[in-house]
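Residue numbers (the working numbering): 1423 to 1770.
Every residue, glycine too, gets a C-beta built ideally from N, C-alpha and C.
Scroll down for the structure; my scribbles are underneath it.
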């Protein structure tokens, strides 16, 4: 009802509104169920095949990098959904029980079972489009909200691959590395549908012209702004600059913990949001182990050459030969932030 009445969807069902553990469900219902979501997507396509439609089918997996090997996949009840128990298992894709066998036959690590489960579901949706001759002129986007490394910060987690298929417009096998972001999806879909993009309240821009041609327009985008709590970053085709500017009370809490943990050898837990790691499942250090994956996590200013250092391991901000590049990136960040109503350190 909320998605229909408040957000504007005219169709909404088979939804996990939050992570399955946060829905207030009995433990027996706290399972991922890809088949249940895919079955709803297939029903929707059947019902709307004779006119244009927009289908958003957000899967809940993968959740954690390799859940499949720890029971999230193999022990999940195929009858359990947030709406209650099903009478029968949705018969829309190969049974989960066959996945490990198929992986063994192909010599693929069994930790990829979760990915194969997803592939089976996406395959069922693509096959349904084929069945109704909708493939040629249907734009399909396969997008994730973040990578497994660098979640909840401005690091690598923000560099998310996207797969797109639209035979009538996109040539197969094309690879595009333009600076695009989730804010660009809405304008893209509106343009594809022939609708006008609102002048206010939309930060992104449609990248349809990039999809439809071989060359990237020279005027596309010089840089992109990233934001996460008290961190801001600007990304160009080659570089990323990250500025951490928390309030003084956060700086004081981080410094106090640094002094304490330097003495006893423990990993620090207070990140740039000012809060200690809330995870109680044995994760040590900063939330999502960002201090382990990114060794310069605690530096206030960071700059990375993404062409040679895509995993953001070497902070160039203090190197004399990069000071002009650093100043250029800081100026770009200031330009992005000046248009926003809130302050951020010296940049506004």
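Coarse secondary structure for residue i, derived from DSSP in three states
i	result
residue 1435	coil
residue 1600	coil
residue 1503	strand
residue 1481	coil
residue 1653	strand
residue 1570	coil
residue 1451	helix
residue 1498	coil
residue 1424	helix
residue 1593	coil
residue 1614	helix
residue 1476	coil
residue 1623	coil
residue 1440	coil
residue 1767	helix
Endpoints, alpha helix (DSSP H) assigned at residue i
i	result
residue 1649	Unbroken run through residue 1649 is the beta strand (DSSP E), 1646-1650; no alpha helix (DSSP H).
residue 1540	1535-1553
residue 1631	1630-1633
residue 1525	1521-1528
residue 1757	1745-1760
With 16 other Cβ atoms within 10 Å as the buried cut-off, status of residue i
i	result
residue 1467	buried
residue 1464	buried
residue 1760	exposed
residue 1772	Absent from the structure is residue 1772, since the part of the chain shown begins at 1423 and ends at 1770.
residue 1686	exposed
residue 1566	exposed
residue 1386	In the structure as shown, the chain starts at 1423 and stops at 1770, and residue 1386 therefore has no counterpart that could be examined.
residue 1473	exposed
residue 1550	buried
residue 1576	buried
residue 1520	exposed
residue 1734	buried
residue 1691	buried
residue 1460	buried
residue 1678	exposed
residue 1442	buried
residue 1424	exposed
residue 1730	exposed
residue 1664	buried
residue 1616	exposed
residue 1765	exposed
Residues near residue i by beta carbon distance below 7 Å, same chain, minus five either side
i	result
residue 1756	1769
residue 1738	1725, 1726, 1727 and 1744
residue 1456	1481, 1483, 1539, 1540 and 1543
residue 1711	1705
residue 1516	1542
residue 1502	1450, 1451, 1453 and 1455
residue 1666	1652, 1653, 1694 and 1722
residue 1571	1578, 1579 and 1715
residue 1603	1626 and 1646
residue 1592	1586 and 1633
residue 1680	1690
residue 1608	1624 and 1626
Range covered by the beta strand (DSSP E) that runs through residue i
i	result
residue 1587	1584-1587
residue 1466	From DSSP, residue 1466 is part of no beta strand (DSSP E) but of the alpha helix (DSSP H) over 1456-1470.
residue 1565	1562-1565
Residues near residue i by beta carbon distance below 8 Å, same chain, minus five either side
i	result
residue 1590	1558 and 1559
residue 1661	1725, 1726, 1727, 1728, 1747 and 1751
residue 1618	1612
residue 1606	1626, 1627, 1628 and 1629
Other residues of its chain near residue i: CB distance less than 6 Å, five sequence neighbours each side excluded
i	result
residue 1754	1645 and 1656
residue 1601	1643 and 1646
residue 1525	1532
residue 1507	1501
residue 1426	1434
residue 1713	1707 and 1719
In chain order, what are the residue ranges of uninterrupted beta strand (DSSP E) at least 3 long that sit wholly in the region 1659-1734?
1661-1666 and 1723-1727
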